[in-house]
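What follows is a single structure, written as structure tokens, with notes after it.
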Amino acid sequence: MTFADWFFKEASPVFGDRDLGEYVPDGGSAPAEEMQRRCVTTIGRRKHGGERGARLRTREAGEDDEEEGSGGRRRYTTSLGGSATAPPIRLAIGGGGPAGFFAASRLFSLDQQKLPGLTLPRPLTIHLFEALPTPYGLSRYGVAPDHPEVKNCETKFAQVAEHPNFQYFGNTTVLGDGQDEPSWGRASVRLRTLREEYDAVLLAYGASRDRSLGGIPGEDTLENILPARAAVEWYNGYPGTWAAETGPRFVDLSTVERVTIVGMGNVALDMARILLTDVDVLARTDMSERALAELARSRVRHVDIVGRRGPLQAAFTTRELRELVSLKHVDMRFPTDLLADAATRLAEPGALARMANGRLRKRLLEVMLKAAERPSLPLGSRTCTLSFLRTPVAFHGRTPPAADTPTRVSEVEWRLNSLDYPSDPLEPVDYSAAKALPIQPPLHHSTSTDLVLKSLGYQPILIPPLTYDSQRSRARNTEGRVIGPDSEVVPGLYVTGWLSRGPRGVIGDTMSEAHATAEVILSDLCASPPRSSLRQHHHHPPSLVGGQFRFDWPMWAELDRLEIARGRAASKPRVKTSSILEMLQSARLL
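Sequential numbering from 341 applies to the sequence shown in the working numbering.
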């Protein structure tokens with residue numbers, strides 16, 4: 341019996357409970373590395389069949405492999421992950437978006453630096469779990485297609501995934517107790533199981549529940565009233581259910597001329613820009629093919645972006661606003677009286693210093709004032725209006741052409757607001773903190789529309805023992821440490837990203853917070869001894885349900901190359917696969 345045959349018989353399919361270093365003296369020697377290569381290759385062939393299966397498994401286990409089309413060899417350093425007497429410290433991350441990858445990157449970096457107070461007694465291994473087969477979360481499915489530079493962080497994330505002590509568990513949902521198992525075709529693992537099998541668990545799965553307008557009349561009954569997430573997923577090719585042949589459906593834009601966007605954040609401006617940009621420009625991006633086809637049929641002529649407060653309280657960034665007002669074929673319209681009032685308030689002595697992000701708000705106002713001064717475009721041009729001090733109170737529909745046809749929205753009824761500024765005589769006024777109050781006596785007016793997009797933000801879906809902080813729309817935590825139902829810190833459980841700070845900020849904010857949370861985790865792990873009952877080898881898989889559908893990193897790497905190759909043929913960055921079924925078939929899981 342060969343060494344590989346013996347080890348395969350004694351161990352689980354991928355190393356299992358035992359460490360190869362236990363059986364090979366001086367595990368770092370050349371003979372040991374060669375024996376490990378042969379062993380893992382044998383396991384890969386038996387488990388997956390053929391040279392492809394062997395190549396995938398050896399790559400994941402840490403062997404050098406030559407990447408096709410890479411122009412050279414990419415190094416995968418081999419790590420035995422400690423000995424039988426010193427098993428690695430295991431960390432599980434739930435969520436494969438920027439927050440999860442930034443945290444993993446920082447943890448590996450700090451572990452390598454061996455700083456005082458942040459030096460672990462044993463090697464660190466990280467397993468990352470993502471509900472979709474594909475990684476990168478909002479970087480892949482949330483960033484607007486015409487912002488490819490924002491996605492440069494994905495290069496860094498791919499480097500993290502190549503770390504020998506990192507494993508990716510795609511198509512794997514993290515569930516709380518009481519939650520149903522996902523439909524056939526997806527793996528799952530309970531949070532309780534992760535907490536039992538890992539020294540620490542970091543949840544970074546974001547906030548995916550749409551905020552509503554409180555169920556105002558027509559909101560839930562009329563057609564063509566959609567959350568912003570529907571539009572973002574539509575133009576980014578977010579996959580539907582695993583069996584879906586195509587991505588999620590949007591609306592028939594050939595019947596839409598006027599669009600109303602409720603909300604004034606960056607996503608609102610993204611949607612307006614996408615709807616008003618020439619489709620020939622968007623065709624050079626990685627926008628989904630379905631969205632491009634629909635936009636080619638679009639009859640949208642006007643977009644109205646509406647906020648409940650004023651110009652100084654808008655939540656979008658200067659960059660997003662500049663891009664929108666720079667659309668040459670779009671006539672931008674602003675309420676000049678409100679802009680003038682905002683400029684007067686900013687000119688007061690000390691007003692800028694008292695405002696949160698005062699300089700940013702000044703630049704925003706300057707961009708709006710400059711755009712408002714431009715001459716109007718010829719009649720018939722596309723138009724975009726920024727409207728302030730309005731809150732929707734009802735949606736009304738037109739009579740449908742047939743009894744069995746859903747009634748489509750045709751009108752928005754608005755309540756007019758005024759701004760209420762802080763009135764503490766001992767505190768200078770911060771104009772950015774103004775609240776919107778109804779004008780008294782109440783004043784309403786209506787505008788026509790064919791489509792309403794609600795860009796109101798998101799709320800997290802919490803898994804016990806996470807509890808909700810309603811003021812900040814996040815999981816209760818202190819420096820990333822989860823606070824449980826008893827208002828005590830839950831040992832070994834952490835949150836980061838939108839789940840930790842609430843659904844706001846850009847990717848740079850996510851990186852800063854994830855790095856800080858990583859330092860907290862490492863500090864806690866150094867201060868308390870790891871649990872000795874954990875399984876020893878860092879490659880040992882967790883207790884998954886439906887684990888045969890797990891999408892690993894080599895599978896994603898092959899899908900990534902396929903998408904890029906398709907994109908190259910179409911003169912665009914990539915052509916995304918928007919069907920989970922197709923993803924699983926590409927990995928030969930179905």
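Where a beta carbon is used, it is the ideal one built from N, C-alpha and C, also for glycine.
Alpha carbon to alpha carbon, how far is residue j from residue i? Give it in angstroms, no decimals.
i	j	result
T625	G482	14 angstroms
L661	E494	25 angstroms
Y798	K454	38 angstroms
F441	R748	42 angstroms
S911	L635	19 angstroms
K496	E903	19 angstroms
G820	G577	31 angstroms
T676	H736	29 angstroms
R386	S628	The pLDDT assigned to R386 is 37, lower than 50, so where the model puts this residue is not dependable; a value taken from the coordinates is nonetheless given after this. Answer to the nearest angstrom: the Cα atoms are 38 angstroms apart.
P557	P732	10 angstroms
E688	D681	11 angstroms
C724	P804	44 angstroms
E552	V646	Before going on, a small fix: residue 552 reads as Ser here, not Glu. Distance between the alpha carbons of S552 and V646: 15 angstroms.
R730	N757	6 angstroms
A501	Y538	19 angstroms
L704	S727	15 angstroms
L531	E751	45 angstroms
T739	A633	29 angstroms
L458	C866	6 angstroms
R462	I614	49 angstroms
R589	L450	44 angstroms
D560	L464	48 angstroms
R446	F469	17 angstroms
G477	G434	12 angstroms
L679	H487	28 angstroms
L616	R722	7 angstroms
M375	A909	Residue confidence is low: M375 scores 42 on pLDDT, short of 50, so the model does not pin down where it sits. No coordinate-derived value is stated.
S840	P718	48 angstroms
G555	A484	29 angstroms
On the CB-based measure, 16 or more other CB atoms within 10 Å of its CB, does residue i come out buried or exposed?
i	result
S919	buried
H282	Any question about residue 282 goes unanswered here, given that the chain covers just 341 to 930.
H642	buried
G510	buried
K668	exposed
G402	For G402, the pLDDT reaches just 40, beneath the cut-off of 50, and the residue's location in the model is therefore unreliable, leaving the point undetermined.
P782	exposed
T417	Because the pLDDT at T417 is just 38, under 50, the model does not fix this residue reliably, and the point stays unresolved.
L609	buried
E521	exposed
I779	exposed
T818	exposed
S857	In the sequence under discussion, the amino acid at residue 857 is Thr, which differs from the Ser named in the question. T857 should be labelled buried.
V607	buried
V599	buried
V572	buried
Here's a check: name, in chain order, each residue in its chain whose Cβ is nearer than 6 angstroms to the Cβ of residue i, leaving out the five neighbours to either side.
i	result
V541	A432, L534, R535 and L833
A439	A544, T836, G837, T850 and A854
R649	A776
E713	none
D550	P567 and R569
G603	S795 and L796
L929	F889
G368	In this predicted model, G368 has a pLDDT of only 35, less than 50, meaning its place in the structure is not dependable enough to derive any value.
L924	L930
D864	none
A631	W574 and Y575
R659	none
M672	V665, A711 and C724
E767	none
Please check the pair residue i and residue j, which I expect to be a contact at CB under 8 angstroms, by giving their CB distance rounded to whole angstroms.
i	j	result
S786	E753	5 angstroms
P428	N505	7 angstroms
R685	A691	6 angstroms
A443	P843	In fact, because the Cβ distance is near 18 angstroms, the residues do not count as touching under 8 angstroms.
Please work out which residues of its chain come closer than 7 angstroms, Cβ to Cβ, to residue i, disregarding the five sequence neighbours upstream and downstream, and give them in chain order.
i	result
D770	R694, M695, A696 and P762
K916	G577, D626, S628 and E903
T513	A471, P522, R526 and S528
E324	Residue 324 falls outside the range modelled here, since the chain spans only 341 to 930, and no answer is possible.
Between which residues of its own chain and residue i is the CB-CB distance below 8 angstroms, once the five residues before and five after are set aside?
i	result
S772	L652, Q653, M695, A696, N697, G698 and R701
Please indicate yes or no: does the CB of residue i lie closer than 7 angstroms to some heavy atom of the ligand SAM?
i	result
L566	For the ligand SAM, the structure offers nothing, since it holds no ligand at all.
So does the stretch 777-794 actually touch the stretch 552-565, counting three or more Cβ pairs closer than 8 angstroms? yes
Counting beta carbon pairs with one atom in the stretch 880-887 and one in the stretch 588-599, are three or more of them shorter than 8 angstroms? no
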